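When we follow the numbering used here, the leftmost residue of the sequence shown carries the number 6, and every step to the right adds one. Cβ coordinates follow ideal geometry from the N, Cα and C atoms, glycine included. Since the structure is predicted, the reported quantities are computational estimates derived from the model, not experimental observations.
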Amino acid sequence: MNLRQLEILRAVVRHRTTLAAAEELAVSQPAVSNALKAMEAQAGFPLFDRINNRLFPTAEAMTLYKESEAIFALHAKLEGRLRDLRENRHGHLALVATPPLAYGLLPRVLAAFMRGRPQTRLFFDVRRYEGVVEGVTSRVAELGFALGLSNHVGIAHEVVHRGEMVCVMAPDHPLSERDAVTPADLARHPFIGLERGTRLGEAVRDSFAREGVPFAAAVEVRYCNTACVLAGAGVGVAVVDPFSPSQGGAHPVVVRPFVPVTPVEAFMLWSEAEPLSRLARAFLAEVRAARVGPVEGDPARAWPS
Numbered sequence: 006m007n008l009r010q011l012e013i014l015r016a017v018v019r020h021r022t023t024l025a026a027a028e029e030l031a032v033s034q035p036a037v038s039n040a041l042k043a044m045e046a047q048a049g050f051p052l053f054d055r056i057n058n059r060l061f062p063t064a065e066a067m068t069l070y071k072e073s074e075a076i077f078a079l080h081a082k083l084e085g086r087l088r089d090l091r092e093n094r095h096g097h098l099a100l101v102a103t104p105p106l107a108y109g110l111l112p113r114v115l116a117a118f119m120r121g122r123p124q125t126r127l128f129f130d131v132r133r134y135e136g137v138v139e140g141v142t143s144r145v146a147e148l149g150f151a152l153g154l155s156n157h158v159g160i161a162h163e164v165v166h167r168g169e170m171v172c173v174m175a176p177d178h179p180l181s182e183r184d185a186v187t188p189a190d191l192a193r194h195p196f197i198g199l200e201r202g203t204r205l206g207e208a209v210r211d212s213f214a215r216e217g218v219p220f221a222a223a224v225e226v227r228y229c230n231t232a233c234v235l236a237g238a239g240v241g242v243a244v245v246d247p248f249s250p251s252q253g254g255a256h257p258v259v260v261r262p263f264v265p266v267t268p269v270e271a272f273m274l275w276s277e278a279e280p281l282s283r284l285a286r287a288f289l290a291e292v293r294a295a296r297v298g299p300v301e302g303d304p305a306r307a308w309p310s
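In structure tokens form, the structure reads like this:
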């Protein structure tokens, strides 16, 4: 007895007539009647007693009905799993990102992505740039996100957002009244600089050099979010990526454009060694869809690509 025959048997048991069973299964009444005859011939015993145009299952039919519950429960589970896979709602996704993107850009995208995928399991790690590249090449993570990117053999990439470095400070700082802040302005105030040798740190130093202003940081930090926290506390003024100021902290900050324009690009990257999973491709699509217009007060979206 195949699954289709069992399905017909179960429908007749529930409805007691071939007409109602046929309507449930979207087939003709003769098809149901012929299937019942074939099943009884194969079984070698009656499955239903026919009384007043109604079909009453025999004890043997009820045994088959009850035993088939597990089969159809498993079938329904498999159908659900197939639907989840088709709609990218089930699976495991591993991501790794540098702090500005991990704390600024990605949380809102992840929230929307996970909201409709309750069965998806996510691994999300935060590392420095070198750690992101290593995580992707070693396949610890399927997707990586970083600000700035050098060419790496076997790494595919795509620009997620293009923006410009910005200046952050406490709301009561004198420079908060400026429309834009220059290196010459910063030279007259305590300045929080990014670590030498990092991509963003070197980019800011180059901007100072282009303006002929010495780079003299009173405080030097490794991460932009650290600079934002210190700036909000009144330690000094900092030049950071456009994503970090939106991360929030104990103290609010004011964001102003930094001149000369110092571009910064956010990349997503993945290994060319293996194809991306459907879930990873769905997340890439979600990230691409997040490229929206400016949102007032949200510097992470002030300069979308």
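Per DSSP, the unbroken alpha helix (DSSP H) holding residue 288 starts and ends at 283–294.
Annotation: the segment 86–136 contains the following complete segments of the beta strand (DSSP E) (minimum length 3 residues), in chain order: 95–102 and 124–131. Cβ-Cβ distances below 8 angstroms link residue 179 to 194 in the same chain, with the five nearest sequence neighbours on each side left out; the list follows chain order.
Residue 38: member of the alpha helix (DSSP H) spanning 34–48, first to last residue. In this chain, the beta strand (DSSP E) harbouring residue 196 covers 196–199. Secondary structure remark: continuous alpha helix (DSSP H) runs of at least 4 residues inside the segment 236–260: none found.
Separation of the CB atoms of residue 171 and residue 242 is rounded to 11 angstroms, and the pair is thereby denied contact status at 8 angstroms. Between the segment 143–157 and the segment 98–113 there are three or more inter-stretch CB-CB distances shorter than 8 angstroms, so the stretches are counted as touching.
By the CB criterion at 8 angstroms, residue 275 and residue 161 fall inside the cutoff. Annotated three-state conformation of residue 148 is strand, per DSSP.
Fewer than three pairs of CB atoms, one per stretch, sit closer than 8 angstroms, so the segment 279–292 makes no contact with the segment 195–210.
Rounded to the nearest angstrom, the Cβ distance from residue 105 to residue 131 is 10 angstroms, too far for a contact under 8 angstroms. For residue 232 against residue 245, the beta-carbon gap comes to about 5 angstroms, under 8 angstroms, which counts as contact.
Boundaries of the beta strand (DSSP E) around residue 174: 171–174. Separation of residue 224 and residue 135 (C-alpha to C-alpha, rounded to the nearest whole angstrom) is 24 angstroms. A Cβ-Cβ distance of about 6 angstroms is found for the pair residue 169 and residue 267, placing them in contact under the 8 angstroms criterion. The criterion of a C-beta distance shorter than 8 angstroms is not satisfied by residue 24 and residue 13.
Around the Cβ of residue 69, a 10 Å sphere holds 16 or more other Cβ atoms; the residue is buried.
Going by C-alpha positions, residue 181 is about 14 angstroms away from residue 196. Taking C-beta atoms as the reference points, residue 59 and residue 22 count as a pair closer than 8 angstroms.
Within its own chain, the residues whose Cβ lies closer than 6 angstroms to the Cβ of residue 222, once the five positions on either side in sequence are excluded, are 196 and 198, listed in chain order. Non-local C-beta neighbours of residue 51 in its own chain, meaning closer than 7 angstroms and more than five positions away in sequence, comprise 45 and 63, ordered along the chain.
Going by DSSP, residue 53 is part of the beta strand (DSSP E) stretching over 53–56. The three-state secondary structure of residue 265, taken from DSSP, is coil. Distance from residue 99 to residue 146 at the Cβ level is roughly 4 angstroms; contact confirmed, criterion being Cβ atoms closer than 8 angstroms. With contacts defined as CB atoms closer than 8 angstroms, residue 234 and residue 175 fail to qualify as a contacting pair. Per DSSP, reduced to three states, the secondary structure at residue 227 is coil, with no helix or strand assignment. DSSP places residue 213 within a helical segment (H, G or I) once states are collapsed to three. With respect to the 8 angstroms criterion, residue 220 and residue 210 are classified as neighbours on the basis of their beta carbons. A residue is called buried when at least 16 other Cβ atoms come within 10 angstroms of its Cβ; residue 188 meets this threshold and is buried.
Within the same chain, 164 and 167 come within 6 angstroms of residue 270 by CB-CB distance, once the 5 residues on both sides are set aside.
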